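Remarks on the structure that follows.
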Amino acid sequence: MAEHLGWAIGDGESVRIWDDAWLSTECIQRPMGPATEASKDMMVKALFQEGTQKWDEEKVERLLPELGESIMSIKTSRQGGPDRRIWLRNPAGEYTAKTGYVAALERRASNPTTQRERGINSRWIEDIWKLNIPPKMKLLLWKASHNALPVSERLAARQIIPNPKCINCEEAETVIHMVFLCPSAREVWRKFPSKVELNLDNVTNFAEGWRRVKRIICLPPTGVLSENLAVWTVWSIWLARNQRIFREEKTCPLEVMNRAVRLAREWHQAQPVAEQGVKRIRSEWEGPMNEIICRSDAAWSREGHQAGVAWEFVGIGKEHLCSGSQTFANVKSPLVAEGLAVLAAMETAISLDFKQISFESDSSKLMTAIKDGSNVSDLHGILSDINSLSLAFVSVSFYWVSRSSVSNVDGIAKQVLRNLVMNPV
Ligand SMILES: [Zn+2]
């Protein structure tokens, strides 16, 4: 029976590249090998971009050139949800017989290092969602931690701008450079109202930098928790960087820090006392109270394995608020495309500060999986991310609706897919 067990990839920490079956959610498929000496013990996470759960196309192409496309189509958990053992003959990936394999699985799960590492990596993200800060800032930290901010180095890598250089110094502008390592960022952190000086030497990833800055203790007059002030500082650094690039306005480090303190204090004072321990409700009973409805839909091309997704936000009086769209490559099925649509819509809702929201989709399979927490192997990473992003809302629900209810977004999704297919980038 072992030949029917595979893996759905979440954070890639429990799955071995060469020894485990992780390439398909339908049949046993593992890389052919032979493995190189250097890669023979590698876990799947070694194929991710540093400090993220996103595939590093170059690493994948280098190690497993003939599998590039099928690997890129595995949608991992960008929030760092764990990998899951799956039963390959059943699309939900659940095995029905409890046998020795369960024991084998438990043995692997109790491996102390893996468990400890995973605990730290995912816990700090969960902590962010719990902080009493505006959702758009949670999203900023989340994006920063997943290397998803449009910093120069990323834009240059995608050939959108010619030069990866930081606007303040000669180094390439990565996320950790922009937030922690750039001399101008360090200057800002030095102005942080704390007793002890902050050491940002040798920060190698965002989680590490964040751990150091959130520990600094604020001096009393600020009236804000230091952890919260650290978030506002990241925000203020990002803001100053954008103003310098897009409006050619230069803000000195002290002003960047003062702005962080001012914004943090204003926001803190505007919070009603009762909301300090915000209750997070996730239940259908809240449905009618939700202020915003978000409808999403996806269009998928079988030939190119591409998807166009679209979403729109509608207010309580049914008025159209705004809409958006996005395209994706390496999408293996219409169901995965629907999942990506909801995920993209959730990210947008968070950046727009929507707090009470219902998501509607005409994919009953997706909505059922979200609501019941059931497992669909191809959606493993996406469902895990939908789950963690849900924490950013005060209340959130998911509804299946008829096809005609999403006809607006269906039209947009088809349009962006058509454009993509006709003008490939
Ligand atoms: Zn710099």
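The numbers in UniProt numbering rise by one with no breaks, and the one at position 27 of the sequence shown is 27.
We treat Cβ as the ideally placed atom computed from N, Cα and C, and that holds for glycine.
Please read these numbers as outputs of a predicted model, since none were measured by experiment.
Contact set for residue i: own chain, Cβ-Cβ below 8 Å, skip 5 residues either direction
| i | result |
| --- | --- |
| S110 | Summary for S110: the model assigns pLDDT 41, below 50, so the residue's position carries little reliability; its value from the coordinates is reported in the next sentence. If we look at S110 and ignore the five residues flanking it on each side, it has no Cβ neighbours. |
| Q271 | N132 |
| E197 | R190 |
| L379 | K75, L335, V336, G339, L366, A369 |
| G10 | Q53, T76, S77, G80, G81, P82, D83, R84, H380, G381, S384 |
| P179 | According to the sequence shown, residue 179 is Val rather than Pro. Same-chain partners within the cutoff: A144, A185, F206, G209, V234, I237, W238. |
Contacting residues, own chain, Cβ-Cβ under 6 Å from residue i (five flanking each side not counted)
| i | result |
| --- | --- |
| S313 | According to the sequence shown, residue 313 is Phe rather than Ser. Correct list, in chain order: I292, C294, L321, C322. |
| A144 | V175, F206 |
| T251 | A240 |
| I86 | G6, A8, G93, S377 |
Enclosing alpha helix (DSSP H) for residue i [first to last residue]
| i | result |
| --- | --- |
| W189 | 183-190 |
| A172 | Per DSSP, A172 belongs to no alpha helix (DSSP H) and is neither H nor E. |
| R211 | 206-215 |
| A156 | 152-157 |
| G68 | 68-72 |
| E26 | Element bounds for E26: n/a, residue is neither H nor E. |
| R30 | Taken as a continuous stretch (DSSP letters only), R30 belongs to no alpha helix (DSSP H), as it is neither H nor E. |
| E255 | 253-270 |
| W142 | 135-145 |
Counterpart residues of residue i in DSSP-defined beta bridges
| i | result |
| --- | --- |
| R84 | A8 |
| R16 | M43 |
| C294 | F313, F359 |
| K165 | A172 |
| W55 | F48 |
Cβ-Cβ separation, residue j to residue i (assumed contact under 8 Å), whole Å
| i | j | result |
| --- | --- | --- |
| A344 | Q326 | 5 Å |
| A392 | K138 | 5 Å |
| S152 | E171 | Not confirmed; about 10 Å, so no contact. |
| I412 | V342 | Contact flag wrong, Cβ pair sits at about 15 Å. |
| L200 | R186 | 6 Å |
| A21 | R30 | 5 Å |
| S73 | N330 | 4 Å |
| L88 | I28 | 6 Å |
| K45 | G68 | 17 Å between Cβ atoms; not a contact. |
| D56 | L47 | 6 Å |
Own chain, CB closer than 7 Å to residue i, minus 5 neighbours either side, in chain order
| i | result |
| --- | --- |
| V416 | G308, A310, S325, T327 |
| V188 | T233, I237, P253, V256, M257 |
| S301 | L417, V421 |
Distance cut-off 7 Å: residue i Cβ against heavy atoms of ligand 2
| i | result |
| --- | --- |
| C322 | By its list of ligands, the structure shown excludes ligand 2, since it contains just ligand 1. |
Those runs of the beta strand (DSSP E) which lie wholly inside the UniProt domain "RNase H type-1" (296-415) and span at least 3 residues: 306-314, 320-328, 356-361, 395-400
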